[in-house]
Structures are given as structure tokens and as C-alpha cells.
Amino acid sequence: MVISGKVKGLVFNIQRFSIHDGPGIRTTVFFKGCPLRCLWCANPESINPFPEIMFNEAKCIKCYKCINVCPFRAIIQHFDKVIINREICDGCGECMNVCYSGALNLCGKYMSLEEVLNEVRRDIPFYQASNGGVTASGGEPLMQHEFVKELFKIAYEEGISTALETSGHAPWKALSSVLKHTDLILYDLKAVDSKVHEEMTGVTNKLILENLKRASLEAIPIIIRIPIIMGYNIATEEDIHKIGSFLSKLKGIERVDLLPYHKFGEIKYRFLGREYKVKAKPLNKEFISNLKGIIESYGYKTSIGGLS
Amino acid sequence: MGSITPRIKALRERILRTRPSISVERAKYYTESMSRTEGEPVIIRQAKALAHVLENIPIEIFPQELIVGTMVSKPPGAIVYPEGVGLRIIPEVDEVRTRSVNPLDISDEEIRMLKEEVEPYWSSRSLGAYAEKITPKKIIDMLYGGAYFVLTEIAGISHVSIDYPRLLSLGFERIKQMAEEKVKEYEELKSADPEVIDKALFYKAAKIVAEAAVNYARRYARKAMELAKDEVDPLRKEELLKIAEICNWVPAKPPRSFHEALQFIWFTQVVLHQENYEQGISMGRMDQYLYPYYKRDVEAGILDFEKAVELTACLWIKTNEIVPLFDTMLTIYFSGLPTNQAVTIGGFNEEGEDVTNELTYVMLEATRRVALRQPNVHVRLHENSPRRLLEALAEVIASGLNNVAIFNDEVISKALERKGIPLRDARNYSTIGCVELAPFGKSFTSSDAALFNLAICLELALNNGTSTVLNEKVGLETGDPLEFKTIDDVIEAFRKQVSYLVKHMIMGSNCFEVANRVVKPTPFLSLCIEGCFEVGSDITTGSAKYNFTGVQCVGLADVANSLAALDQMVFKEKKVSMKEMLNALKRNFEGNEELRQLLINRAPKYGNDDDSVDKYAQLVARIYSEEVEKHRNVRNGWFIPGMYSMTTHIGFGYFTNALPSGRRLNEPLSNGISPAAGSERKGLTASMRSVTKIDHTLYPNGLSYTVNLPLDLFRGKEGMNNLISLIKTYMKLGGMHIHFNIVNANVLLEAQKCPEKFRDLMVRVAGYSAYFVDLTKEVQDEVIERYLEVL
Ligand code: SF4
Ligand code: SF4
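Chains D and X are the protein sequences, given in the same order.
Numbering follows my numbering, with no gaps: position 245 of the first sequence is 379.
Numbering follows my numbering, with no gaps: position 364 of the second sequence is 485.
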């Protein structure tokens, strides 16, 4: 996004003390907007490439100030409840400004490079001690590859290590431009079966697999991240075998992380006025460690949850 | 790593499974002797009373023990100190037996004895009775109000770290001889200086108590012999014979082995606890002064790492035999049954060279295996601490153990130097109690003398000196708050209130120290700290080499957050008028939740690396430190500031009205230097940055930073490395103390429901560890809340 000549990034969260998004202690910048529609998405607020209002009803103190300030009359009172008409809301954030309780929050903020960097720089001493750094995540950070490229370039020059977490669903040009200043790639892989992939995420995996092959030739370590959602992307052990055998043809892969499905995102669907549809089978430890064993049988170091 | 031996398992289980009781024997014999010696010099009376106690209290050697000597008749238990605050339990005794938190057993006969034989004697002779006679009434009223400060010295002083290197090198027989020589010189009129009269009394008392300690140990020697006679198990028989030999030898003479050294220390701890109340009697740099014994034994082939761990574990378990006797009020302010016997390990020496040794690891390993509340194990770290130590430490922390804390050598030695302590002594500091600091073995710093409510000073500043909860004008008239034009006016008024209330606290503390000097000299303790014997005067007179009095502030984050909120909302953005703010505060935000939400969510909060509020935390920390350091104590030393709260932040919270931070009446204040509960929104690194913006060297008495983290954050090798990096970075940023509370919130909730299943679950409350099930519901809730936040 370009605003008055300068690239701005649409960021929905900057998380300090991240320890699951790459090595060491890191700051993760979450970019808003994603071309995939994974059914189980744990960050539903990351999907749309524009600011959105989130409403946490439990915090609402029923002052009804939001109703009067909304320039689009998108908020109404129904009995004592506050209801947002999402069709009308344009994400201007006016309501949030008067909502002292924090019930209304605008998710997504256009930030300048300098603003993001200033936050990132604050934990430099922790990165130094732990071999940590900055991670760009999302959403899909490559939807904002120009911003990420600039961010990584400056971070790189300042000695801050960089990691890119991506779905890989982006033009190779976008990916390769960012990789110039990337120290580590966290590459999400949901399925190698194209049909399964399309059903689960709304897009085929052609681009994703292609990009992964090309990226693996770049001499940048890659960690593959596989979400495990039983009955969705993984139905049987066979599905993991498929991934394993695909990976076995690649170089540069440092580790495979299995990320067991969790429900932490569920509440955010409610905040966004959306429905949460996933009904994944609960995972048992044994099954997960079987999957781990399978990936390991293809010669990869494998972890559950992302810490070695 | 090895695992827990059957012996340690059994000893540990006994402590955990036995319901604590009140032990009345010490009170009985102490009172018996004191009432017989009326009219004699007080220091002699105290010496005789201690000797009488040691001759008569029941002695017990439990199965499998290698280190012997019980603090109480049926451990774990509480000693009654009737000269202090021990008798406060009497009116509540029925409740004490049945209360949900920290119940203690006591028989009707024992109660009768306390009521009829002990209480009548002390009601007019206790420290409190004397203190009340000499302390200005306003201070006594303020103290009993519970809102402004807590003064602990009404119970006694304790809080020392014992000069074990010297005691071990001499033995109490030698000390007794030295005292005798001094008395002889006096009798032979070697000097006619006027001071020698008092000194002679001191040495006479010294002789009595040194002898009493030796005789006490010999009672155990005889007991062990008796038991050995009837013992059928040949292995145990051999152990008992060895115990008998050891108890004959120590603490009379310098120990000949590591085992003897530990037994020497334990007997000394027991005797100290019979004389001084059970708070913060600490063992100092154990891995340093015990290393020669360890090394010699290992070289002689009679000791190895595992055996040393087991012996150390035996001692560690013994420290859990005593619990404090707190009434309902004290339980609120000091929840969790802490006795805070600290052990200091690791760190650098007087030259600044690392002296971590094999025994450091022995002690960490013993701590991990014993996994009980006591002792407080304090690990000293500095820039050149070995990686192995960091790893061993991280492993202990990640195992979920909560009685281990970390201290930063560079920062602490600087803080002590700032108080005029020569560099070598500053570097050789040890820890006392939960987080306090002093040059090892040479200091009497009454490090837990008082705890001070900073937040209520802001309330007074906003109400022209009146407490709106207690409805009393205790503070200064600092002007009508409606006339305040800028935040600087508020700060000025706040500073004046702090200054004024600190003066009251200091005066109270000094009066109480005078009471201790007059009513309760402590001749045995005086043998255990460098300086007193040489000077020839009781430790309460200021004869130790270093004499400070430590007083801690509570509520730093609340004040910082409140100043930031006032500055932004009232003065800068004018979102709310001072009048509306004050009204809302007086009504505890009733009818104005909107304002409270504004304050909570829109004003910056300390703990998020935000300079606009962190600058107020810096300022408030400086104000308190400066005000405290203006004052001298009665032992010819200075008052020094600390920043920790035990659980007084909860007690003070009941009396501190709503604050501009958005905190309501009755909610706990913030704890130590930690951010307020619920206000850390940017993660641990941001919190650490905020905390270290404050100059920690302003707090030479020590401060506490407690960090609650979910256990699974530090899984695996990478997790461990991250934990080490966090510690190292925090230290590099200037952090003095840190303690990780690693538990799982679900476990805590479960423990709240079925306490019996979680007897040994430990959490860190404010700088000390407590069994979660021993905490009051309020404290439990707070721990849980803090915990949920970081998930
Ligand atoms: S402004 Fe916020 S708190 Fe007030 S009614 Fe609207 S959502 Fe609720
Ligand atoms: S974000 Fe803007 S348009 Fe949407 S509800 Fe709030 S005020 Fe109305």
C-alpha cells in the first residue's frame, strides 16, 4: 500500500517475546491480508487485506457512545446489546476511539517502516543474546512484499536476523525479492495433494510447491511447518507420507515442525461476527508422535510445536 | 542426573504428610527462666533463658536422618515467641486449629498452659508492651491501622546471614574459652575503663550461651547412643553411632568433615531459632565456606557428588521443620508460611573472580531433588558465570521449582558500594531472607524492618492529607488538589507525603529497635556476626561491622500508572476534570465505569516499555529511595530502601482507595518492582525493559521482580537457551534480582479445587516461595490471574 509516496504496511500485531516463530527470542510482525482461506485459520483477523473492527462483547460496558459516532450508522442497539452491521461498516475506527472499555478494536493499522522498525529495535539486546531477530508473518506477508523487502533490508543492515513465515502462495518475483535479506524461511505446507489443498485452503498448491522447490535452491535454511488438523488436511498417515516423500527431494530443509491444531482462534471468529466451522477430531499424542516418526523416516529432524 | 534416594524421599514425605502444630515448649521454658531471673542484668537473663530452653526442649532423632536436631517437638511446627508476637494467636486459637489456610494443631492443655503460665508474664513485658510505652501514639495507631506501613521488629529482628566461616573455624568451645578469658581479665581488673563493666556482662552471657549450644548437641549425642543400642538394623546402628560421634564433636569443635560441617550449621540454626524468631536467619555463601570440607573429603575418598547431594538434601529438609506462627492479620500480610532461611551460592569473590565450584552444583541438585519450600536458594550470577551453571540453573527453573532466585553480582556490589561499603565486602555479599542483601557475615541490617505503602501517599496527596477509606487526616496538608495545575504539582505533593510518612515509619522502626535493645538482647546471635564479640557488646547495640535498617516500598507500579494517567487524562488531554476524577476515586468508580475503562485501557501502563509511564516509575523509585536514605537508625547506621512486598500488597490494598490507574479499592497493589497485575500487554521482554529503566542500585536492601511463565514455554534445548538468554539480557540491562514462577494456570485452578492433591505445589508469591495450598484464597486468585495473563 502506498500512501503519500511512502510504502506503508498494514500490520495487525507486533508481538514481542515470540519464541515459536524461529530461533531465539524474536519480534513477530503480523501482516494483514492473505490469499488463502484455510478452513481452520487460527488468525481469522489476518485474512482480509483491510482494517476491520473486532467486537468483544464481554468487555462492552453498554455506554452506547459508539452508536452515535459511527458515520455510516453501522452500529445499532438491539435491546441492550450492541450489534455491528458488517456490510455497512467500512473500518474507519471512529467507534473504537470512543470505546474506552476496549470492546471495539480496529484490527489492522497502516504503519510506516520507521514505526515498525522502532518497535523491532527495542529488543535488540534479547536477539543478540538468543540469536533471535525479527519474523514477518501474517496473513501472508508476501502480499506486502515491497514493505517486507524494505523492512528486512534495513534489519539486515542493522544486524537484526530476519525470518519469513510464508504460505508460499505468491509470485516467485515477490518471494525472491524478500529472500535477498532473509536468514530463515518458515514455509507452511498444508498438503501436497492439489485437490485436498484446494478444498482446504481455496487455492491450488501449484505455486506453493513450485516456489518451495526454487526457494530450496537459495542456500537459506528452511523450516517446514505442517499444521495437523485431523480430518482436514491430514486424514491418515498416508497424507504425511506424501508430504515426506515430496520433501525428500528437496535440499536446504533444516527441520520440519508439526503444529497440532488448537482452538485458540475460535473466539476471534466471534469478535469478527463470523462463524467457526471447523470440527476437527481431537488429536492424540500417540498419533502425533507417529506422524513425527514418519517425517523422521524421510531423514528430517522433526519437532512438535516448533521447539527443538 | 541422579534421582532422589529412598532416604530423602522418606524424610521429605514426613514433612509433607505431617499436619503442622504449635510447639509450646520453647515458650514454656523461656518464660520459666525469665520469671526466675527478674532483677538480674537483662543480657544475662536472656542467656540463662536460652540455656534453660536448650537443656529442656524435647529432642528427637527421626528414622533415616543423617542431620539431626529438631526446631520443634513435632515437626513441622511453629515456635511460640511470647516476647514478640507469638501470643497473638491465643484469642484466635480455636480458629487456628480449624482455619482453612495454614491450620495448626495445639492441644487444650497446651493452650491452657500458654494462657495461664506464659501470657500473664509477658502481657506487660513483651517487646510490644515496651515499644508501646516509648513510641509516639500516632505511630502505634498508624501501625495497627494496617494501611500505611508494617513494622516487623515488634516480633524481634532476626534477618541476618550468619558468619559461618568464622564459627566453623573456631567452634563454640573455643568461643566459650575466649569469653572466659575476657571475664577473667575483668575480674582481675586488667582495665579500669568504664566500658568494661557492660562488656564483662556481654562476655558472661556469651560464655553461657556458647556452653549451652555445646551441651545441647551433646544431648543429641547421648540420644543417638541410646537409639543405637536398641537398633536392630546394623546399617542404621552404624549411622547412629556416627551421629553420636559427630554431635559430641560439633558445634563444640571445628568440623573435620563435610558431614560434620553441615551438622554444625544445623545445630547453630536450631539454637538461633530458639533465641530469635523464625524469619530470615540465613546461611550465607554455603558453597564457598563448605568447599574446603567437600574437597578434602572427596580427595580422601570418603565423599562423592551423590553422597554430598544426599547430605545437603538432609539439611535442606530440616529447614522445612519450622513454620511461622501467624495470626489472621499477619497471614494476610505474609501469606504462605515463609521462614526464609536463605542459602547463597555461586557468584564472584572479593576480587571479582568467579568462584562457582562443584558444591554449587551439589546444592542446586539437592534443591531440585528435595523440591520443598525451604531453603530459599539464591544463585549469584555475573558476566563470567560459567555456562554450566546457567544450564544447571535453567534446568532447575524449568523443572517447575519455585524456590530458586537469581541475583546479579555486578549490580548488587555497586548498590552496596554506593552505601559506603568497601568494594571487597560489597562483592562478598550474601542474601538474607527472600531478596535482601548485605556483606556476608558482618552485617546486622534488620533487612525486613518495615514495609511501606507508597500508593496511599498518592491518595493522601490527592486528598490534602486525608485517607478516604479510614477517614482520618494522617498526612500533611499539601494543598487543595483542585488547584493543581500540572502533574508536577501532584508529584510535589506526593513527595511531601512520602517524606512525611517515611519519617513516621522510621521513627517507629527506631523505637522498636530500642525496645529490642532494652528488652531482648540476643547474646547467641551476637556470637554469630563479625564485630560483636570484638566490640564486646550485644548485636542490638550496633556492634556488628555493618548496621543498616532495611525498609521496603510497595505499590511502585500503581503510583507510576496513576501519575501517567493523571498527566494524560486530566492535565494534557483534559478528557476528565480533576474534580470528576477525585469524585470517582472517592466512590471507588461506582457509577463511573466508563472513566475507569478509559484509565485502564487508554492510559499507558508501566511494564510495556513505554517511556511516557516508565519515567514516572523511575521518578517514584528515586523519591522513595532518597527519602529513606536521609535517616539514621539507632545502631549508628543508616536506613536503606528495598522494594518487595511479601504479601503486604494485598493487605495494603484493603485500605488504599481507588487510584487513577483504574485500580479499585480492595484490589491488591503491585508487588515489588513488577508491573501491576493485568497490565503487561507486550510480553516479557517489554516488561524487563521497563523494569530495568529503574536504577536498581537505588535499592541496596534488595528488590524483587517476579515473572510468571507457563512451563511449556521453555521446552527442549532451544527453550532452555531462550531462558538463559532472558536471564543474561535482563542482567545486562541492570536487573538486580529475578525469579521465574513457572507453573500452569490449569494446575493452579485444579489445586484450588482439590488442595489435598497438590500439597507440594510451589509458587513464588513476591520474592519467596510458598505452597500454593497454604495461600489465602485472595492470594491464590492473584497468582492465577497473573498466570492466565501470560498464556
Ligand atoms: S462504545 Fe464500546 S463499551 Fe460503549 S457500547 Fe459501544 S462497544 Fe460497548
Ligand atoms: S469502524 Fe467505522 S464504520 Fe465500522 S462500525 Fe466503527 S465507526 Fe462504524
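From the three backbone atoms N, C-alpha and C, an ideal C-beta is built for every residue, glycine too.
Model, not experiment: these values are computed from the prediction.
Query raised in the report: So is D:F260 in contact with chain X if we call contact Cβ pairs under 7 Å?
Result: yes
Query - Beta-bridge partners of X:Y667, as assigned by DSSP - result: X:S564
Requested in this report: Quick one: which residues of the segment 707-726 of chain X get their C-beta closer than 7 Å to a C-beta of chain D? List them in chain order.
Outcome: Of all residues in the segment 707-726 of chain X, E714, E715, Q718, L719, N722, R723 have a Cβ within less than 7 Å of some Cβ in chain D.
**Report entry** X:E715 classed as buried or exposed, judged by whether at least 16 other C-beta atoms fall within 10 angstroms
**Finding:** buried
Query raised in the report: Quick one: is X:T806 near chain D, going by C-beta distance under 7 Å?
Result: yes
Query raised in the report: For X:C435, which three-state DSSP category applies?
Result: helix
Query raised in the report: Does the segment 149-164 of chain D touch the segment 795-808 of chain X, meaning 3 or more C-beta pairs lie closer than 8 Å?
Result: yes
Requested in this report: Output the distance between the C-alpha atoms of X:K751 and X:G758, rounded to the nearest integer angstrom.
Outcome: Taking the Cα positions, X:K751 is about 11 Å away from X:G758.
Query - Per-residue contacts from D:P305 into chain X (C-beta, under 8 Å) - result: The contacting residues do not exist; D:P305 stays about 33 Å from chain X at best.
Query raised in the report: Should X:G888 be labelled buried (16 or more other beta-carbon atoms within 10 Å of its own) or exposed?
Result: Here X:G888 scores only 47 on pLDDT, less than 50, and its place in the model should not be relied on; the value that follows carries that caveat. By the neighbour-count criterion, in which 16 or more other beta carbons inside 10 Å mark a residue as buried, X:G888 falls on the buried side.
Query raised in the report: What residues from the segment 196-217 of chain D come within 9 Å of chain X, judged by C-beta to C-beta, listed N to C?
Result: C197, K199
Query raised in the report: Given a limit of 9 Å on CB to CB distance, which residues of the segment 158-189 of chain D reach chain X?
Result: Taking 9 Å as the Cβ-Cβ cut-off against chain X, the residues of the segment 158-189 of chain D that qualify are G158, I159, T161.
Query raised in the report: Can you check whether the CB of X:A724 is closer than 7 Å to the CB of X:I815?
Result: no
**Report entry** chain X contact for D:F151 (CB, 7 Å cutoff)
**Finding:** yes
Query raised in the report: Taking X:I82 as the reference, which of X:V271, X:V656, X:N478, X:S588 has the closest Cα?
Result: Outside the displayed range of chain X (122 to 912) lies residue 82 of chain X, so it cannot be described from this structure.
Report task. Tell me whether X:V353 is buried or exposed, calling it buried when 16 or more other Cβ atoms sit within 10 Å of its Cβ. Result -> exposed
Query - Reference X:D902; option with closest CA among X:A665, X:G840, X:E788, X:A559 - result: Checking every option, the nearest Cα to that of X:D902 belongs to X:E788.
**Report entry** Below-7 Å beta-carbon distance, D:R256 vs any chain X residue
**Finding:** By this cut-off, D:R256 is an interface position.
**Report entry** Neighbouring residues, chain X, relative to D:D264 (Cβ below 7 Å)
**Finding:** The question names Asp, yet the displayed sequence has Ser at residue 264 of chain D. By Cβ distance, chain X contributes N842, N843, S846.
Query raised in the report: What number of angstroms, rounded off, separates the C-alpha of X:T481 from the C-alpha of X:V734?
Result: 40 Å
Query - C-alpha distance - X:H503 paired with X:M852, whole-angstrom precision - result: 8 Å
Query raised in the report: By Cβ distance, which residues of its chain are closer than 7 Å to X:K535, with the 5 residues on each side in sequence left out?
Result: Answer for X:K535: T818, listed in chain order.
Requested in this report: Would you verify that the beta carbon of X:T850 is, or is not, closer than 7 Å to some beta carbon of chain D?
Outcome: yes
Requested in this report: Return the residues of the segment 228-256 of chain D that lie within a Cβ-Cβ distance of less than 8 Å from chain X, sorted by chain order.
Outcome: Y234, S235, G236, R256
Report task. Report all residues for which the CB-ligand distance to some heavy atom of ligand 1 is below 6 Å; order them along the chain. Result -> D:C194, D:I195, D:K196, D:C197, D:Y198, D:K199, D:C200, D:V216, D:V232, D:C233, D:S235, D:A237, D:L238
Query raised in the report: Are X:T552 and X:T440 touching if we call contact CB-CB under 7 Å?
Result: No.
Query raised in the report: Quick one: Cα of X:L361 to Cα of X:P184, how far?
Result: 10 Å
Query raised in the report: Going along chain D in order, which residues have a C-beta closer than 7 Å to the C-beta of X:R810?
Result: Those are R256, listed as they occur along chain D.
Query raised in the report: Where are the alpha helix (DSSP H) runs, 4 residues long or more, that stay fully inside the segment 742-784 of chain X, in chain order?
Result: 769-774
Query raised in the report: What separation, rounded to the nearest whole angstrom, lies between the Cα atoms of X:D425 and X:V419?
Result: Between the alpha carbons of X:D425 and X:V419 lies a distance of about 6 Å.
Requested in this report: Output the distance between the C-alpha atoms of X:T897 and X:F455, rounded to the nearest integer angstrom.
Outcome: 10 Å
Report task. Kindly list the residues whose CB is nearer than 8 Å to the CB of X:T449, restricted to its own chain and excluding five residues on each side of it in sequence; keep chain order. Result -> E213, E216, R220
Report task. With a floor of 4 residues, list each alpha helix (DSSP H) that falls wholly inside the segment 281-339 of chain X, ordered by position along the chain. Result -> 285-291, 293-308
Report task. Assuming X:N778 and X:L703 form a contact by the criterion Cβ under 8 Å, report the distance between their Cβ atoms to the nearest whole angstrom. Result -> Not a contact, Cβ separation roughly 10 Å.
Query - Reduced DSSP secondary structure (H/G/I, E/B, other) of X:A199 - result: strand
Requested in this report: Please determine, among X:N336, X:F469, X:F447, X:I423, the residue with the shortest C-alpha to C-alpha distance to X:D408.
Outcome: X:F469
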